[in-house]
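Colleague: In terms of our numbering, the sequence shown is numbered consecutively and its last residue is 271.
Even glycine gets a Cβ: it sits at the ideal position worked out from N, Cα and C.
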Amino acid sequence: MTENRTARRQPARRDRAAAAACLIAALAAVGVVGVPSADAHGGAPGTAHRTAAAATAPALGSAALLQSGDLVRQGLVPVGATVELAGRQGLSACSGEETMRGLTGGGATAYASVTWTAVADGLLTESAASAATGSTARAYEKKLDALVRDCQDEPAGHWYYGAAHTLTVSGGTGHWYTSYSGDGTVSGGVAVLRSGTRVAVVELTGGPTASPSAVKGLATAALTRLSS
Numbered sequence: 044m045t046e047n048r049t050a051r052r053q054p055a056r057r058d059r060a061a062a063a064a065c066l067i068a069a070l071a072a073v074g075v076v077g078v079p080s081a082d083a084h085g086g087a088p089g090t091a092h093r094t095a096a097a098a099t100a101p102a103l104g105s106a107a108l109l110q111s112g113d114l115v116r117q118g119l120v121p122v123g124a125t126v127e128l129a130g131r132q133g134l135s136a137c138s139g140e141e142t143m144r145g146l147t148g149g150g151a152t153a154y155a156s157v158t159w160t161a162v163a164d165g166l167l168t169e170s171a172a173s174a175a176t177g178s179t180a181r182a183y184e185k186k187l188d189a190l191v192r193d194c195q196d197e198p199a200g201h202w203y204y205g206a207a208h209t210l211t212v213s214g215g216t217g218h219w220y221t222s223y224s225g226d227g228t229v230s231g232g233v234a235v236l237r238s239g240t241r242v243a244v245v246e247l248t249g250g251p252t253a254s255p256s257a258v259k260g261l262a263t264a265a266l267t268r269l270s271s
């Protein structure tokens, strides 16, 4: 009798496990993903040395985005991250309400975005997309660069982006730009990146380490991950 009850339990357990797996897959597919807060010490839940999120999307997952260790290496202390896989995160301070999904007309094969918050009011955002072809990715890259360059020439007293700097790593290229407040103080920066069929825009704002070297370092790390 005991053996019969045990035998009946096994299919039920397998059915529950299969249902749970289907639910998780459905949530990931629509981008319903959250990431707990992080600190700068690593190890347990709440650490800054975790990946941005465990969720993935077809051909483009969170592993292709900046991770907490990338921020720490540039002097930032990340405290939390939110990952989004639908392409609806705002691209940059210059792009207004534009999103990666809007810029690509919803034609990308996958999207992934992360927003990192850091101590001292630092904020880092990254939005990426995977195109169907290399030529389409280049077209996306040109659109992103055009958005950024629209904010290079601004009225006196208004924040703006500086000159473009070319960036190249194995498998990828891009441009990064320092951002300046209205009084000419460095306030962060933005980068437009492409590797193969993938494109991304990364922006750092605020915080005591929002320097040109930090912007370049984060852009390099982001391009390296995008290329992997």
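(1) Drop a sphere of 10 angstroms on the beta-carbon of Ala189, count the other beta-carbons inside from all chains shown, and report buried for 16 or more, exposed for fewer.
(2) Buried or exposed: which applies to Arg237, given that a residue is buried once 16 or more other Cβ atoms fall within 10 Å of its Cβ?
(3) Run through the DSSP bridge pairs and tell me what Gly232 is partnered with.
(4) Between which two residues does the beta strand (DSSP E) containing Pro255 stretch?
(5) Is the shortest distance between the beta-carbon of Gly225 and the beta-carbons of chain C less than 8 Å?
(6) Can you look up Ser111 in the DSSP assignment and give me helix, strand or coil?
(7) Assign Thr209 to buried or exposed, taking buried as 16 or more other Cβ atoms, counted over all protein chains shown, within 10 Å of its Cβ.
(8) CB-CB under 8 Å to Ser230, same chain, minus the five flanking residues each way: which ones, in chain order?
(9) Hey, out of Ala136, Trp159, Thr158 and Gly130, whose CA is closest to Leu146's CA?
(10) Is DSSP giving Thr171 helix, strand or coil here?
(11) For Ala153 and Arg116, what's the separation of their Cα atoms in angstroms?
Modeller: Taking the definition as stated:
(1) exposed
(2) buried
(3) Thr221 and Leu247
(4) Careful: Pro255 lies outside any beta strand (DSSP E), inside the alpha helix (DSSP H) at Pro255 to Ser270.
(5) Annotation note: the requested chain C is absent from the structure, which comprises a single protein chain.
(6) helix
(7) exposed
(8) Trp202, Ser222, Tyr223, Ser224, Thr248, Gly249 and Ala253
(9) Gly130
(10) The sequence shown places Ala at residue 171, not Thr. Three-state DSSP puts Ala171 in a strand.
(11) 28 Å
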